[in-house]
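The structure appears below as structure tokens.
Number of protein chains: 2
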Amino acid sequence: MPTDFAATKAMFRLPDGVIYLDGNSLGPLPRAAANKMAHVIKDEWGEMLITGWNKAGWMAQPTAVGDRIARLTGAEAGHVVMGDTLSIKVYQALASALELNLDRRVILSDSGNFPSDLYMAEGLIKSLGRGHELRVVAPEDVADSIDESVAVTLITEVDYRTGRLHDMKALTAKAHSVGALTVWDLAHTAGATPVDLAGAGADFAVGCTYKYLNGGPGAPAFIYVAPRHADQVRPALSGWLGHDAPFAFDLDYRPGAGIERMRVGTPPVLALAALETALDIWDMTTMDDVRAQSIALCEQFIAGVEAACPMLTLASPREAAQRGSQVSFKFADGYAAMQALIARGVIGDFRAPDIMRFGFTPLYIDAADVDAAVAVIADVMGNRLWDAPEYHARQTVT
Amino acid sequence: MPTDFAATKAMFRLPDGVIYLDGNSLGPLPRAAANKMAHVIKDEWGEMLITGWNKAGWMAQPTAVGDRIARLTGAEAGHVVMGDTLSIKVYQALASALELNLDRRVILSDSGNFPSDLYMAEGLIKSLGRGHELRVVAPEDVADSIDESVAVTLITEVDYRTGRLHDMKALTAKAHSVGALTVWDLAHTAGATPVDLAGAGADFAVGCTYKYLNGGPGAPAFIYVAPRHADQVRPALSGWLGHDAPFAFDLDYRPGAGIERMRVGTPPVLALAALETALDIWDMTTMDDVRAQSIALCEQFIAGVEAACPMLTLASPREAAQRGSQVSFKFADGYAAMQALIARGVIGDFRAPDIMRFGFTPLYIDAADVDAAVAVIADVMGNRLWDAPEYHARQTVT
Chain A
66 MPTDFAATKA MFRLPDGVIY LDGNSLGPLP RAAANKMAHV IKDEWGEMLI
116 TGWNKAGWMA QPTAVGDRIA RLTGAEAGHV VMGDTLSIKV YQALASALEL
166 NLDRRVILSD SGNFPSDLYM AEGLIKSLGR GHELRVVAPE DVADSIDESV
216 AVTLITEVDY RTGRLHDMKA LTAKAHSVGA LTVWDLAHTA GATPVDLAGA
266 GADFAVGCTY KYLNGGPGAP AFIYVAPRHA DQVRPALSGW LGHDAPFAFD
316 LDYRPGAGIE RMRVGTPPVL ALAALETALD IWDMTTMDDV RAQSIALCEQ
366 FIAGVEAACP MLTLASPREA AQRGSQVSFK FADGYAAMQA LIARGVIGDF
416 RAPDIMRFGF TPLYIDAADV DAAVAVIADV MGNRLWDAPE YHARQTVT
Chain B
66 MPTDFAATKA MFRLPDGVIY LDGNSLGPLP RAAANKMAHV IKDEWGEMLI
116 TGWNKAGWMA QPTAVGDRIA RLTGAEAGHV VMGDTLSIKV YQALASALEL
166 NLDRRVILSD SGNFPSDLYM AEGLIKSLGR GHELRVVAPE DVADSIDESV
216 AVTLITEVDY RTGRLHDMKA LTAKAHSVGA LTVWDLAHTA GATPVDLAGA
266 GADFAVGCTY KYLNGGPGAP AFIYVAPRHA DQVRPALSGW LGHDAPFAFD
316 LDYRPGAGIE RMRVGTPPVL ALAALETALD IWDMTTMDDV RAQSIALCEQ
366 FIAGVEAACP MLTLASPREA AQRGSQVSFK FADGYAAMQA LIARGVIGDF
416 RAPDIMRFGF TPLYIDAADV DAAVAVIADV MGNRLWDAPE YHARQTVT
């Protein structure tokens, strides 16, 4: 049975007068989140107090929720765990991967990777002090740059600026063919495009849940370790909840079984509760259905904008198969133009220096929304409405 | 004006029939938390969506809340920031401290430190691969063990088992006198006893907020870096929100000013909102008032239990000044005895091998509660009620 996207849309609270094309930055609110949170706060925290760790299942939550992420990312059940932030999980995966490839010194990434991934790699390299090199190439040069010097690739599957989609399966195969490992950042693919971690043979993957997955501001991250590595890796961030027996309070660390060892500290119970309401909506669909609908919406958007706004240059791949679930246009006055759009209820975002970015999220954006957004964009661009001075004052954007 | 502890008690939801002496493990629910969370979820996340990062102040939340923790821990304003879990913050502080003392190889800790701190140190040492040593001594031997081989001390101010309180000022002075740095874990002191980070000259401090501070299950951690180090330290966990200009999306990391650089990933907005309601209650008191009342409650409890239960041996220091805000008793059948107490509404916890642990939290525990708890303990112990088989089946405890 195909997904009923009208039904999934009804599960979200979307503000009146807004067409939200920024779900690739922060997903909107599942209507069920407030009640679920009230339940967890009042009936679990308030009534169970410390016994909630067992009675309410808080202690098992990171792996239970991880299994729901596994379904959406093609991971084997029991090999994804929630916790921390994406940056921390990048560090954890990278540190583990480097130890599995001790005689190599290159971390290969690309300039379309999200800067925080590069920063975390840089910090890790300095801490290790063993002469590792972070080699950053252009996105289109990644495949050719994977050689026998590479210990691990650190690639975000979808470029946060252009939406360009890497071929996870091909790059992973290339990496393995020369003895390199892979860390995949799924920030812009989990919930956006079908991911097949097991099928691609990915070694490690990490992702966040506040973008396409709609888990809320600051929702926890996840990490995947391939079954063949899961009992081998040493967690650099070896916290007590990754211990084989956390409540034995041993003085020495002994890693837990498989993915359990990638847990670190106390789970973020409240944040996980909000995420669970989003995952309930994800249970109503499949990634294949979402992908088909996402492509239809993106194609409709590109055609509409290109027809109406010749001053905007498509910055995303034209070929749908090479694109994630976002469409970006280049425009020199993109910051001001995006402010003008936001003032009219079309919310996308801007990425320096000149990228206007629009995310497409079939769970709550439909063809009528795309038509309406295109009409507003045509008006703003065609009538130079961004010229108004109030749209030019820069402030922190996200 | 002295603290009105009846007023602070009224701000918490405590289940009927329960005397909660486990706030040193997970604090109870501030009554305001559910409404505050509903507001943040519906009016901020739901209505503001991505603009909440600026409009609702989410981006500034980690330092704004950090300032409220600073007041309770004697830190200079602007030198505490929230985020991650305590284990992650231990790693971050320790990695930074080691780099400030590059020619030394010893991390000194004690066997009363919480195991996760030791595990994180062990993981860091293995990652660094530079021959660092984690030297773990008995709590009473820490002072004499601080010598010129020590790069950094990693000490939890209050022993989670016995409640024994280290002398932060004296140990810090000793460390500095031999050129060592200090990382203080305030898990059992923030909100429990007065802490004077600035006055003691502490170098780094970290802590959690779900125990005495009542921030909720999985509430975020905090980190303090002394002003003299704050612009010098290199964050090993160098994430984009610790970057000097996160939204410039530079490819290279450039640390932010002072404590800002210890931020890593996206802030846990929902969890911080819950914590804020707890901190509103903390605004009604001072740590000096809390300490005076805590000592009174602990003394009352010790006297009552010792008079009624000769089979229980005090495991905490008898001298109030050497104790945190908990009282522990040793008892061979402590696990079963604690289960029997919990079944009768007196909630403490058990720490292997034989520690029955009771936390005293003046914000919501008063003298009448202590009397009532003592009566239940006297009944359970005096009548050997723990002998019932249902109290002996071990399961995961927290």
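First to last, the sequence lines map onto chains A and B.
According to my numbering, the first sequence is numbered sequentially starting from 66.
According to my numbering, the second sequence is numbered sequentially starting from 66.
From the three backbone atoms N, C-alpha and C, an ideal C-beta is built for every residue, glycine too.
Q. Which of the three DSSP states, helix, strand or coil, is assigned to Thr274 (chain A)?
A. Translated into positions along the first sequence, residue 274 (chain A) becomes position 209. It is coil, neither helix nor strand.
**Q.** Proximity below 8 Å, CB of Gln391 (chain A) to CB of Phe415 (chain A)
**A.** Along the first sequence, read from residue 1 onward, the residue named residue 391 (chain A) stands at position 326. Along the first sequence, read from residue 1 onward, the residue named residue 415 (chain A) stands at position 350. No; because the gap between Cβ atoms is not below 8 Å, this pair is not in contact.
**Q.** Rounded separation between Val80 (chain A) and Glu112 (chain B) - CA only
**A.** Here residue 80 (chain A) refers to the residue found at position 15 of the first sequence. Here residue 112 (chain B) refers to the residue found at position 47 of the second sequence. Note that residue 80 (chain A) is Pro in the sequence shown here, rather than Val. Cα-Cα distance, rounded: 6 Å.
Q) Comparing the C-beta of Gly188 (chain A) with each C-beta of chain B, is any distance below 8 Å? A) Indexing the first sequence from 1 puts residue 188 (chain A) at position 123. So, interface residue.
Q) Exposed or buried, what is Arg319 (chain A) when buried is set at 16 or more other beta-carbons lying within 10 Å of its beta-carbon? A) Numbered from its first residue, the first sequence carries residue 319 (chain A) at position 254. So Arg319 (chain A) counts as exposed.
Q. Does DSSP classify Ala458 (chain A) as helix, strand or coil?
A. Taking the first residue of the first sequence as 1, we reach residue 458 (chain A) at position 393. DSSP places Ala458 (chain A) in coil when its eight states are reduced to three.
Q) Glu198 (chain B) bridges to which residues according to DSSP? A) By one-based count along the second sequence, residue 198 (chain B) stands at place 133. Per DSSP, B:Val171.
Q: Could you have a look at Ala216 (chain B) and say whether DSSP puts it in helix, strand or coil?
A: Here the question's residue 216 (chain B) lines up with position 151 in the second sequence. If DSSP states are grouped into helix, strand and coil, Ala216 (chain B) belongs with the strands.
Q: Write down the C-beta distance between Ile84 (chain A) and Asp434 (chain A) rounded to the nearest angstrom, noting that I regard them as a contact closer than 8 Å.
A: Taking the first sequence and counting its residues from 1, the one referred to as residue 84 (chain A) is at position 19. Taking the first sequence and counting its residues from 1, the one referred to as residue 434 (chain A) is at position 369. Right, their Cβ atoms sit about 5 Å apart.
Q. Is it buried or exposed for Arg467 (chain B), if we count other Cβ within 10 angstroms and need 16 for buried?
A. Absent from the model: residue 467 (chain B). The displayed extent of chain B is 66 to 463, so no value can be given.
Q) Pick from A:Lys120, A:Gly139, A:Thr68, A:Met76: whose alpha carbon is nearest that of Thr258 (chain A)? A) By one-based count along the first sequence, residue 258 (chain A) stands at place 193. Comparing Cα positions, the closest option is A:Gly139.
Q | The alpha helix (DSSP H) enclosing Ser242 (chain B), as first and last residue numbers | A | If you number the second sequence from 1, residue 242 (chain B) lands on position 177. Element bounds for Ser242 (chain B): 233 to 242.
Q. Got a sec: is the Cβ-Cβ distance from Arg15 (chain B) to anything in chain A below 8 Å?
A. No answer is possible for residue 15 (chain B): it lies beyond the span of chain B, which begins at 66 and ends at 463.
(Q) Counting only C-beta atoms, is Tyr429 (chain B) closer than 8 Å to chain A at any point? (A) Position 364 of the second sequence, counted from the first residue, corresponds to residue 429 (chain B). Cβ-Cβ to chain A under 8 Å: no for Tyr429 (chain B).
**Q.** Secondary structure of Leu211 (chain A), DSSP reduced to three states
**A.** In the first sequence, residue 211 (chain A) corresponds to position 146, counting from 1. It should be noted that the sequence gives Ile, not Leu, for residue 211 (chain A). In this structure, Ile211 (chain A) counts as coil in the three-state DSSP scheme.
Q. Does the beta carbon of Ala372 (chain A) sit closer than 8 Å to a beta carbon anywhere in chain B?
A. Position 307 of the first sequence, counted from the first residue, corresponds to residue 372 (chain A). Closer than 8 Å: no.
Q | Given Val271 (chain B) as reference, the closest of B:Tyr225, B:Leu173, B:Asp108, B:Asp250 once Cα atoms are compared | A | As a working note, residue 271 (chain B) is residue 206 in the second sequence. Of the candidates B:Tyr225, B:Leu173, B:Asp108, B:Asp250, the one whose C-alpha sits nearest the C-alpha of Val271 (chain B) is B:Asp250.
Q) What residues in the region 79 to 100 of chain B bring their beta carbon closer than 7 Å to a beta carbon of chain A? A) Pro80, Tyr85, Asp87, Ser90, Leu91, Pro93, Leu94, Ala98, Ala99
Q) What three-state label does DSSP hand Ser303 (chain A) in the structure shown? A) Residue 303 (chain A) sits at position 238 when you count from the first residue of the first sequence. Reduced to three states, the DSSP call for Ser303 (chain A) is coil.
Q.
Quick check on Thr227 (chain B): does DSSP put it in helix, strand or coil?
A. Working through the second sequence from its first residue, we reach residue 227 (chain B) at position 162. Of the three classes helix, strand and coil, the one that applies to Thr227 (chain B) here is coil, per DSSP.
Q: Kindly indicate if chain A contains any beta-carbon less than 8 Å away from that of Glu112 (chain B).
A: Within the second sequence, the letter at position 47 stands for residue 112 (chain B). So, interface residue.
Q: Note the first and the last residue of the continuous beta strand (DSSP E) segment covering Gly424 (chain A).
A: Within the first sequence, the letter at position 359 stands for residue 424 (chain A). Note, Gly424 (chain A): beta strand (DSSP E), 420 to 424.
**Q.** CA-to-CA distance, Thr426 (chain B) to Asn89 (chain B), given in whole angstroms
**A.** Here residue 89 (chain B) is taken as the residue at index 24 of the second sequence, counted from 1. Here residue 426 (chain B) is taken as the residue at index 361 of the second sequence, counted from 1. If I take the Cα positions, the gap works out to 8 Å.
Q | Backbone CA spacing between Ala235 (chain B) and Arg96 (chain A) [nearest angstrom] | A | For this step, residue 235 (chain B) is matched to residue 170 along the second sequence. For this step, residue 96 (chain A) is matched to residue 31 along the first sequence. So the two alpha carbons sit approximately 54 Å from each other.
**Q.** Where Leu316 (chain A) meets chain B, residues with beta-carbon distance less than 8 Å
**A.** Here residue 316 (chain A) corresponds to residue number 251 of the first sequence, with the count starting at 1. Ordered by position in chain B, the residues that pass the 8 Å Cβ test against Leu316 (chain A) are Ser176, Pro180, Leu183, Val201.
**Q.** Buried or exposed (CB count within 10 angstroms, at least 16 for buried), Glu222 (chain B)
**A.** On the second sequence, position 157 is the one that residue 222 (chain B) refers to. Glu222 (chain B) comes out buried.
Q: Determine the closest residue to Gly307 (chain A) out of A:Leu183, A:Gly148, A:Gly413, with distance taken between C-alpha atoms.
A: Taking the first sequence and counting its residues from 1, one reaches residue 307 (chain A) at position 242. Checking every option, the nearest Cα to that of Gly307 (chain A) belongs to A:Gly148.
Q.
Using the Cβ count rule (16 or more neighbours within 10 Å means buried), how would you classify Asn17 (chain B)?
A. In the structure displayed, chain B extends from 66 to 463; residue 17 (chain B) sits before or after that span and is not available.
Q. Mind pulling the chain A residues with CB within less than 8 Å of Lys107 (chain B)?
A. Mapped onto the second sequence, residue 107 (chain B) falls at position 42. Within chain A, the residues near Lys107 (chain B) are Arg78, Leu94, Ala99.
Q) Can you name the residues of chain B whose CB is closer than 8 Å to the CB of Ile115 (chain A)? A) To locate residue 115 (chain A), count along the first sequence from 1; it is residue 50. What Ile115 (chain A) touches in chain B: Asp87, Ser90, Leu91, Ile412, Asp414, Thr463.
Q: Pick out whichever of A:Gly244, A:Ile367, A:Glu455, A:Ala98 has its Cα sitting closest to the Cα of Ala162 (chain A).
A: As a first step, residue 162 (chain A) is located in the first sequence; it is residue number 97 there, counting from the start. Checked all of A:Gly244, A:Ile367, A:Glu455, A:Ala98; the closest Cα to Ala162 (chain A) is A:Gly244.
Q) Using a C-beta to C-beta distance shorter than 9 Å, which residues of chain A count as neighbours of Asp345 (chain B)? A) Locating residue 345 (chain B) in the second sequence gives position 280, counting from the first residue. Near Asp345 (chain B) there are no residues of chain A at all, since even the closest Cβ is about 15 Å away, more than 9 Å.
Q. How big is the Cα-Cα spacing for Asp315 (chain B) and His231 (chain B)?
A. For the purposes of this step, residue 315 (chain B) is identified with residue 250 of the second sequence, where counting begins at 1. For the purposes of this step, residue 231 (chain B) is identified with residue 166 of the second sequence, where counting begins at 1. One C-alpha to the other measures close to 44 Å.
Q) Which residues share a DSSP beta bridge with Thr342 (chain B)? A) By one-based count along the second sequence, residue 342 (chain B) stands at place 277. Note: Thr342 (chain B) sits in no beta bridge, so no partner.
(Q) Any beta carbon of chain B sitting closer than 8 Å to that of His308 (chain A)? (A) For the purposes of this step, residue 308 (chain A) is identified with residue 243 of the first sequence, where counting begins at 1. Yes, its Cβ sits closer than 8 Å to a Cβ of chain B.
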